[in-house]
Amino acid sequence: MKEFPVIIIKMKKKFTNLKKYSHVILVLVLFIFLSPAFSHAATVIDTDFNTSSWGVLNHGSYWTLQSTGGVGNTGAARLIYSVQGTADKALSLNVASLKSNEYYIDFDVKMQGTPSGGSSFVKLFGSIFEVNKNNMTLGYDAYGNVQKEVAYNMDTLCTARWDGSDAGPGCTTEHVVKSSAIDMRGGIWGHYKAWVKRADRGVSNGEVKVWWNGTLYAHVKNMNSNPIGSATTPGFESIEFGGYSHTTFTGNTWYLWIDNLKVSTDGSQISVPTQPPLGPPTTMPPTPIVGDAIAPAVPAGFSVQ
Numbered sequence: 019m020k021e022f023p024v025i026i027i028k029m030k031k032k033f034t035n036l037k038k039y040s041h042v043i044l045v046l047v048l049f050i051f052l053s054p055a056f057s058h059a060a061t062v063i064d065t066d067f068n069t070s071s072w073g074v075l076n077h078g079s080y081w082t083l084q085s086t087g088g089v090g091n092t093g094a095a096r097l098i099y100s101v102q103g104t105a106d107k108a109l110s111l112n113v114a115s116l117k118s119n120e121y122y123i124d125f126d127v128k129m130q131g132t133p134s135g136g137s138s139f140v141k142l143f144g145s146i147f148e149v150n151k152n153n154m155t156l157g158y159d160a161y162g163n164v165q166k167e168v169a170y171n172m173d174t175l176c177t178a179r180w181d182g183s184d185a186g187p188g189c190t191t192e193h194v195v196k197s198s199a200i201d202m203r204g205g206i207w208g209h210y211k212a213w214v215k216r217a218d219r220g221v222s223n224g225e226v227k228v229w230w231n232g233t234l235y236a237h238v239k240n241m242n243s244n245p246i247g248s249a250t251t252p253g254f255e256s257i258e259f260g261g262y263s264h265t266t267f268t269g270n271t272w273y274l275w276i277d278n279l280k281v282s283t284d285g286s287q288i289s290v291p292t293q294p295p296l297g298p299p300t301t302m303p304p305t306p307i308v309g310d311a312i313a314p315a316v317p318a319g320f321s322v323q
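Numbering (my numbering), first residue to last: 19 to 323.
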């Protein structure tokens, strides 16, 4: 019985020590979970379209799943452009819950037939509560039918082109890497990758990189792609593939094919090629350019796994 007080004293000392270091433990736990290794990086979609399900993608009626015709003659998603306009041409991905202003987008693409009227191609939408102000569009040019630029700020107020030029009132950027346009025509599969970082609100720190078949074709910095006056909702709301066809559409049916689609907030998940050493703006190997005209404004569509 005489030993009981000793045991109680020892237990009290242990509890005292726990209290003493509890704040240290709490700080360590917070540090671990807030460190980059525990960031909220997420792969939104990774699909080869080899099943009969669209999964988390929403699609218009002009999109269909094909069991053959994809890379290696496997399954793929196909959009038919047979009429001008926007209706039912979007393949859409809801990313609102991720609250991210930065996405890596990776897919195989093929243009079958003779493209006309262009395409929104890849469009990242800002807040659904406010029309257009902080969208970004990697459009397929409505006149030349090549991929040569990114539109941003009030949807299409500003344009930064892969050749190093800028268009729009007061729209200037830094072109770290520049090239000719990307020509996807010819019915042959190619590989398209993009990294899109929308600017912080009211700050010109937006950035875009685009690769074609493993070559870095464009690197644009200092974009005012989230202007003051835009909605405060954090992150893009959705990402859309295909979409709008301009009145320059000639009436001849053509097809946009997509396969092996990956979208992630983490670039390591889609194996983005390493950027070449930075230096003066670099001219990449040329690709044919057809009709280098300024495309008109593109008008402006779901649940994450």
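The beta carbon of each residue, even a glycine, is placed where N, CA and C say it ideally should be. The structure presented is a predicted model; accordingly, all values stated were derived computationally and were not measured.
Reduced DSSP secondary structure (H/G/I, E/B, other) of residue i
i      : result
Gly220 : coil
Ser263 : strand
Gly247 : coil
Ser286 : helix
Trp213 : strand
Glu167 : strand
Glu225 : strand
Lys325 : What is shown of the chain runs 19 to 323, which leaves residue 325 out entirely.
Arg179 : strand
Gly232 : coil
Met172 : coil
Gly188 : coil
Ile146 : coil
Tyr158 : strand
Ser256 : strand
Cβ shell of residue i (< 6 Å), same chain only, five flanking positions each side left out
i      : result
Phe267 : Gln102, Ser134, Gly135
Ser222 : Asn240, Asn242
Val226 : Val168, Val214, Val238
Leu175 : Gly186
Ser118 : Gly253, Thr283
Thr92  : Asn68
Pro245 : Asn171
Thr251 : Ser145
His77  : Leu109
Glu148 : Ala249
Arg179 : Lys166, Glu167
Anticipated Cβ contact below 8 Å, residue i with residue j, distance rounded
i      : j      : result
Ser198 : Asp184 : Wrong, their Cβ atoms sit about 16 Å apart, outside the cutoff.
Ser71  : Asn152 : So it is not a contact: roughly 32 Å between Cβ atoms.
Leu107 : Gly260 : Note on residue identity: the sequence assigns Lys, not Leu, to residue 107. Contact flag correct, Cβ pair sits at about 5 Å.
Inter-residue spacing [alpha-carbon to alpha-carbon] between residue i and residue j
i      : j      : result
Phe125 : Ile63  : 11 Å
Gly224 : Ser85  : 39 Å
Leu279 : Val89  : 12 Å
Val164 : Thr177 : 15 Å
Ser282 : Glu120 : 9 Å
Ser110 : Gly73  : 11 Å
Trp272 : Gly205 : 10 Å
Ile200 : Lys166 : 6 Å
Ala212 : Ser263 : 21 Å
Lys141 : Ile257 : 6 Å
Ala217 : Thr265 : 31 Å
Arg96  : Trp81  : 6 Å
Gly365 : Thr155 : There is no way to answer for residue 365, as the model of the chain reaches only from 19 to 323.
Ala236 : Gly157 : 14 Å
Cutoff 8 Å; reference residue i; Cβ partners in own chain excluding five residues on either side
i      : result
Glu255 : Asn112, Val113, Ala114, Phe143, Gly144, Ser145, Ile146
Ser79  : Asp106
Asn231 : Gly208, His209
Ser286 : none
Asn270 : Gly131, Thr132, Ser134
Neighbourhood of residue i by C-beta, 7 Å cutoff - its chain only, sequence neighbours within 5 removed
i     : result
Thr65 : Gly73, Leu279
Threshold first: 3 residues or longer. Then list the beta strand (DSSP E) segments lying entirely within the segment 57-127, N to C. 61-65, 81-84, 94-99, 108-112
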